[in-house]
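K.L.:
Add 153 to the 1-based position in the sequence shown for our numbering, that's all there is to it.
Backbone N, C-alpha and C fix where the C-beta goes; we use that ideal spot for every residue, glycine too.
These figures come from a predicted structure and were not determined experimentally.
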Amino acid sequence: MKLIFLIFLFFINSAFAYTLNNNFGATFKKRKVNVYVTSTTTCANAGLTIYELQDLISPAINDFWNTVPTSSLQLKNAGILDVGSDTSYNDNELCSFTDSACTGAVIPAVKEIIIACNDNTTNFDSNNILAVTIPNNFKGRYINGSVVLINNRNGSAFKKLTTKEKISVLAHEIGHAIGLGHSAESAALMYYKTIGTRNFLGQDDIDGVSALYPVTFDGCGLFKGSIGDMKGPLPPKGKGPSEEYFWTLVALGFIASASLSKLLKRFRKYA
Ligand SMILES: [Zn+2]
């Protein structure tokens, strides 16, 4: 049985390739997060109207991040966010709260997930950059809000994408907005190279979002708690699953190994 358990441990340690978007594994605290498009945004150079952009959100969340039964995160297409006459989302620099090099006019700290088209040349120093995403509002170890910007510079490569590719890019950026970094797995939506069209998440994306937003089993008394209840430090960037997720897998592995070992004993009896 020991050997089987060790093999299982090796498997779960080597099975993950996803990384986190920040070195402390921040996530949204609440599990229902709204996704908005700002009311002042214009996306002509990205080949979209504001309403076409809003229409891309539903498939970008419902065909990807909302499909994972082992994740408690639920994203919602919340429509147009009225930002009055504020055009900073279209023009200004997007900075993380730790970036001291960011000194120009910056996009304000947001709540939830905000999407806009933007033509700032610091954000997009090349037409080939399709989009950038930064969680720019944190409270402790939690993300309060993230901004997704689509390249709206004249000549933007985003404009040349098919609708399916645009949805895939938006889904990838929303992956960053919820706390995921890039994956080394070519089948992952969060793959670090150009992804083309993706119709669903890869296993590595599923592992990542499930680790960041684990489902808790309050009713049957098996496991309880959320990622916010963890005592120890989160794994460093790129070092695999959360502690809670890891130990849940270890517990499952233990049960599985015990059962398998019993079964093998039985089998030996009759062999
Ligand atoms: Zn990316």
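(1) Who pairs with residue 470 in a beta bridge, going by DSSP?
(2) Would the beta-carbon of residue 254 fall within 7 Å of that of residue 320?
(3) Could you round the C-beta distance between residue 235 and residue 192 to whole angstroms and report it? I think they count as a contact, below 8 Å.
(4) Can you find the residues in the same chain that come closer than 8 Å, C-beta to C-beta, to residue 195, ignoring five residues on each side of it along the sequence?
(5) Give every residue of the same chain whose Cβ lies closer than 6 Å to the Cβ of residue 317, excluding the five residues on either side of it in the sequence, and list them in chain order.
(6) Can you find the residues in the same chain that come closer than 6 Å, C-beta to C-beta, to residue 277, ignoring five residues on each side of it along the sequence?
(7) For residue 326, which of helix, strand or coil comes out of DSSP?
(8) According to DSSP, is residue 311 helix, strand or coil?
(9) Are there three or more Cβ pairs, one per stretch, closer than 8 Å when the region 352-371 is compared with the region 329-343?
(10) Identify the continuous alpha helix (DSSP H) that holds residue 242 and give its terminal residues.
P.N.:
Straight from the coordinates:
(1) Here the chain covers residues 154 to 424 and nothing more, so residue 470 does not appear.
(2) Your numbering for residue 254 matches position 101 in the sequence shown. Your numbering for residue 320 matches position 167 in the sequence shown. No, Cβ-Cβ distance for residue 254 and residue 320 is not below 7 Å.
(3) Numbered from 1 along the sequence shown, position 82 holds the residue referred to as residue 235. Numbered from 1 along the sequence shown, position 39 holds the residue referred to as residue 192. Confirmed, about 5 Å.
(4) For the purposes of this step, residue 195 is taken as the residue at position 42 of the sequence shown. Closer than 8 Å at the Cβ level, and outside the excluded window around residue 195, lie 203, 243, 270 and 305.
(5) Here residue 317 refers to the residue found at position 164 when the sequence shown is read from its first residue. Same-chain partners within the cutoff: 350.
(6) Counted from its first residue, the sequence shown places residue 277 at position 124. Contacts found: 304 and 306.
(7) The residue you call residue 326 lines up with position 173 of the sequence shown. Note: residue 326 maps to helix in three-state DSSP.
(8) Here the question's residue 311 lines up with position 158 in the sequence shown. Residue 311 falls in the helix class under three-state DSSP.
(9) yes
(10) Translated into the one-based positions of the sequence shown, residue 242 becomes position 89. Note, residue 242: alpha helix (DSSP H), 241-244.
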